[in-house]
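So the structure is just underneath, and the comments pick up after that.
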């Protein structure tokens, strides 16, 4: 096996064509300079694409995976993609471009028991999946992350997983399961003194309560979350909670308070923003 072929083996952790991967990710995973990519492309082992991205033919990828013996490559791949997702959480265009690689990294994290990265990557990537309406896909990854977080006794990570999972159950109309999941997450978030996660869980609990017709309870959840969000100075959370509280007031016929919440909420967000998209 030539030295170039040895390098090629390492890049087989990325899914094959039509998926692509960047120079930066290839260098991080393989531990070799980006110049080697050009040499591999010249040798026909990789195909260069637009914006400095590369692809690998399925046949070559299959062969390379069969002969890849360096287990550390998988660890670097999972760690790199986890860091990438965490640093691009609000850049949905970037996440969309790397989504196939991220999903494979989550799969590898499960198979090779990289549970710390599995919890981190899942919690950072799921909000993107939810904005795309991919609730079933998100649920599958969240259930895996839940098992990992419980195994690790990572209460902070578990609270975030349960927060996301509660949203998924709510979107499916399973309000009883959503309530149970979110209440466990709420308890953990209080124990962890994680104010941001408390806000998010309270917001979803309010939505669940409203959907069940418990408008006053929904109001209480949203008011508590709003108080915390104001302390944090988090404009996104303030906006979401104000809009939720406005709906609560509207359902109770308190239209003046509803309008006040909407107007204040709009004042906290940039033009064109809508809930579910990054501020």
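Numbering (the working numbering), first residue to last: 3 to 281.
We put the beta carbon where it would ideally sit given N, CA and C, even for glycine.
Bear in mind the structure is a predicted one, so any value in this text is a computation, not a measurement.
Assigned with DSSP and collapsed to three states, residue 22 falls in coil, not helix or strand. When only Cα atoms are considered, residue 32 and residue 241 end up about 43 Å apart. Straight across, the Cα-Cα distance linking residue 180 with residue 142 is about 15 Å. Within the same chain, and ignoring the five residues on either side of residue 211 in sequence, the residues whose Cβ sits closer than 7 Å to its Cβ are 219, 220, 223. Burial state of residue 129 is buried, judged by a 10 Å Cβ sphere holding 16 or more other Cβ atoms.
By the neighbour-count criterion, in which 16 or more other beta carbons inside 10 Å mark a residue as buried, residue 122 falls on the buried side.
Per DSSP, the continuous beta strand (DSSP E) segment holding residue 55 begins and ends at 55-57. Counting the other CB atoms within 10 Å of its CB gives residue 98 a total below 16, which places it among the exposed residues. Where residue 250 is concerned, the enclosing alpha helix (DSSP H) starts and stops at 237-253. Listed in chain order, the non-local C-beta contacts of residue 111 below 6 Å within the same chain comprise 80, 119, 120, local neighbours out to five positions each way being set aside.
In this structure, 266 is the residue among 258, 233, 266, 131 with its C-alpha nearest to the C-alpha of residue 244. Annotation for residue 143: the continuous alpha helix (DSSP H) segment containing it runs 137-154.
Rounded to whole angstroms, the separation of the alpha carbons of residue 131 and residue 113 is 21 Å. In the same chain as residue 146, and ignoring 5 residues on each side of it, the C-beta atoms closer than 6 Å to its own belong to 112, in chain order. Apart from sequence neighbours up to five positions away, the residues of its chain that approach residue 249 with a beta-carbon distance below 7 Å are 212, ordered along the chain. Cβ neighbours of residue 251 within its own chain (closer than 6 Å, five residues either side excluded): 259, 260.
Linking residue 95 to residue 152 through their CA atoms gives a straight-line distance of about 32 Å. Residue 49 carries a strand assignment under DSSP once its states are collapsed to helix, strand and coil.
Comparing alpha carbon positions, the residue from 257, 262, 270, 157 closest to residue 232 is 270. Residue environment analysis places residue 88 among the exposed positions, since fewer than 16 neighbouring C-beta atoms fall within 10 angstroms of its C-beta.
In the structure shown, residue 192 falls within a helical segment according to DSSP collapsed to helix, strand and coil. DSSP places residue 14 in no alpha helix (DSSP H); its state is neither H nor E. Proximity to residue 21 across 93, 103, 54, 116 peaks at 103, based on C-alpha coordinates. Collapsing the DSSP output to three states places residue 34 in coil. Around the C-beta of residue 208, 16 or more other C-beta atoms lie within 10 Å, and the residue is accordingly described as buried. Nearest to residue 18 by alpha-carbon distance, out of 77, 205, 106, 174, is 106. Taking C-beta atoms under 8 Å as the contact rule, residue 168 and residue 203 qualify, at a distance of about 7 Å.
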